[in-house]
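For the sequence shown, the numbering used here assigns the number 113 to the initial residue and increments by one for each residue that follows. These notes concern the structure reproduced below.
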Amino acid sequence: MIALAAAMAMIQPDFSVPPKGYVCYRATKPVRFEGKLNEGAWAAAPWTDAFVDIEGDKKPKPRFLTRAKMLWDNEFFYVAAEMEEPNVWATLTQHDSVIFHDNDFEVFIDPDGDNHRYYEFEMNALNTTWDLFLPRPYRDGGPAMNAWEIPGLRSAVHVRGTLNDPSDTDEGWTVEIAFPWSVLKECAPGGSPPKPGDQWRVNFSRVEWDVEVVDGKTRKVPNKPEYNWVWSPQGVIDMHRPERWGFVQFSAKEPGEDAFRPDPDLPARDYLHQIYYAQRAYRGKHGRWAKTVGELEVGDPPTGWNAAEVQTTDSLFEIVLRSATNAQRSWRIAQDSRCWSQG
Numbered sequence: 113m114i115a116l117a118a119a120m121a122m123i124q125p126d127f128s129v130p131p132k133g134y135v136c137y138r139a140t141k142p143v144r145f146e147g148k149l150n151e152g153a154w155a156a157a158p159w160t161d162a163f164v165d166i167e168g169d170k171k172p173k174p175r176f177l178t179r180a181k182m183l184w185d186n187e188f189f190y191v192a193a194e195m196e197e198p199n200v201w202a203t204l205t206q207h208d209s210v211i212f213h214d215n216d217f218e219v220f221i222d223p224d225g226d227n228h229r230y231y232e233f234e235m236n237a238l239n240t241t242w243d244l245f246l247p248r249p250y251r252d253g254g255p256a257m258n259a260w261e262i263p264g265l266r267s268a269v270h271v272r273g274t275l276n277d278p279s280d281t282d283e284g285w286t287v288e289i290a291f292p293w294s295v296l297k298e299c300a301p302g303g304s305p306p307k308p309g310d311q312w313r314v315n316f317s318r319v320e321w322d323v324e325v326v327d328g329k330t331r332k333v334p335n336k337p338e339y340n341w342v343w344s345p346q347g348v349i350d351m352h353r354p355e356r357w358g359f360v361q362f363s364a365k366e367p368g369e370d371a372f373r374p375d376p377d378l379p380a381r382d383y384l385h386q387i388y389y390a391q392r393a394y395r396g397k398h399g400r401w402a403k404t405v406g407e408l409e410v411g412d413p414p415t416g417w418n419a420a421e422v423q424t425t426d427s428l429f430e431i432v433l434r435s436a437t438n439a440q441r442s443w444r445i446a447q448d449s450r451c452w453s454q455g
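Right, dumping it as structure tokens:
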């Protein structure tokens, strides 16, 4: 399993497909936590695009619809999701269980978008939850802090059908989650909640298992892997690639009156991540980091950026990409995939 995980970590995602974008509006009414998405606050929030397979267009479209909505106010970042499901089931009841062993809904949040210090949250149709904090991705040796908790978090589930009763056909289930800014701001730029116009990196995943009914009860079909359906495709079967998560842009305007603004530095960030993956592959083959970008064969930098500068030691590297029009503006990436801007 360790060798497989290491091999997967070396697989570079497809950077030709940009991450999704979403404008998250302020809630105009209180959000009532019943798991239902038909009250006034949610009615004004736009839906995301329908979820796709985690690998994107490499795999068929999911057989069941999944989509999400987002809102915010002074206290919370709200997430809601709707999942079609003809047989809603769940078994896990203990908080901090490995929730994706059931069908589940998952949220990933990286406030400052540097790939480090991010949050993961999972829940099933019984409203059993699992919250984790990751100092850095698993590919970079990041241990999940399972004991970490989210004080003040709220969540609710509404089943449109009957839970754990395979004798009938259900419509699906919906969820509501409220993440308190008092917790999320710990990893946010400046240590504060977002301001209108700020963009955070966010993604959602739905784990779905093939099931069968045995003696009147639902169980997973043995020896079959799960499906992973996501909002912003990762390109590989790994949710812990924060550089591929979507962009959520916070807005104080009336719903529908703001436009999503793509990150103008995304080409620079993507180029640095391509160098990061190439460096890992190079070290795996040669036992050292490449000392020049030319050794890595990653091509030219994007328009508006100078040639990348490579700095290495025996165990570390840092790649610097400087703006061609602003000498004080740069993006950097290190061997642990932390990616950040200066200037």
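Every residue, glycine too, gets a C-beta built ideally from N, C-alpha and C.
For residue i, which of the options has the nearest alpha-carbon?
i: residue 129; options: 347, 377, 385, 388; result: 347
i: residue 163; options: 445, 452, 425, 358; result: 358
i: residue 317; options: 393, 436, 168, 275; result: 168
i: residue 407; options: 416, 284, 421; result: 421
i: residue 156; options: 170, 138, 145; result: 138
i: residue 174; options: 319, 259, 264, 396; result: 319
i: residue 342; options: 411, 193, 183, 279; result: 193
i: residue 286; options: 270, 279, 299; result: 270
i: residue 247; options: 291, 230, 432; result: 230
i: residue 200; options: 263, 191, 214, 206; result: 214
i: residue 425; options: 356, 400, 262; result: 400
i: residue 134; options: 184, 141, 393; result: 184
i: residue 368; options: 243, 430, 140; result: 140
i: residue 233; options: 280, 283, 314; result: 314
i: residue 268; options: 257, 295, 279, 191; result: 191
If you follow the beta strand (DSSP E) that residue i is part of, which residue opens it and which one closes it?
i: residue 180; result: 178-184
i: residue 446; result: 442-446
i: residue 269; result: 266-272
i: residue 341; result: 339-342
i: residue 453; result: 451-454
DSSP beta-bridge partners for residue i?
i: residue 359; result: 133, 313
i: residue 421; result: 432
i: residue 233; result: 219, 243
i: residue 323; result: 332
i: residue 138; result: 184
i: residue 318; result: 217, 341
Tell me the residue span of the alpha helix (DSSP H) that contains residue i.
i: residue 387; result: 378-398
i: residue 401; result: Here residue 401 belongs to no alpha helix (DSSP H), and DSSP marks it neither H nor E.
i: residue 153; result: 152-155
Under the assumption that residue i contacts residue j (Cβ atoms under 8 Å), give the Cβ distance between them as a whole number of angstroms.
i: residue 340; j: residue 166; result: 4 Å
i: residue 321; j: residue 380; result: That belief does not hold up - the Cβ atoms of residue 321 and residue 380 are roughly 39 Å apart, past 8 Å.
i: residue 136; j: residue 360; result: 5 Å
i: residue 447; j: residue 410; result: Contact flag wrong, Cβ pair sits at about 16 Å.
i: residue 188; j: residue 260; result: Incorrect: roughly 18 Å between the Cβ atoms, too far for contact.
i: residue 389; j: residue 445; result: That pair is no contact at about 10 Å.
i: residue 290; j: residue 143; result: 7 Å
i: residue 224; j: residue 153; result: With 8 Å as the limit, residue 224 and residue 153 do not qualify as a contact, their Cβ atoms being about 27 Å apart.
i: residue 242; j: residue 262; result: With 8 Å as the limit, residue 242 and residue 262 do not qualify as a contact, their Cβ atoms being about 11 Å apart.
Consider the C-beta atom of residue i and the heavy atoms of the ligand FMN; say whether any pair is separated by less than 7 Å.
i: residue 206; result: With respect to the ligand FMN, the structure shown offers nothing to examine, as it has no ligands at all.
Checklist entry - What beta strand (DSSP E) runs, 3 residues minimum, are completely inside the stretch 157-222? => result Uninterrupted beta strand (DSSP E) stretches at least 3 residues long and entirely within the stretch 157-222 occur at 178-184, 188-196, 216-222, given in chain order.
Checklist entry - Taking the runs of the alpha helix (DSSP H) that are 4 residues or longer, which of them lie wholly in the stretch 237-297? => result Listed in chain order, the alpha helix (DSSP H) elements of length 4 or more contained wholly in the stretch 237-297 are 293-296.
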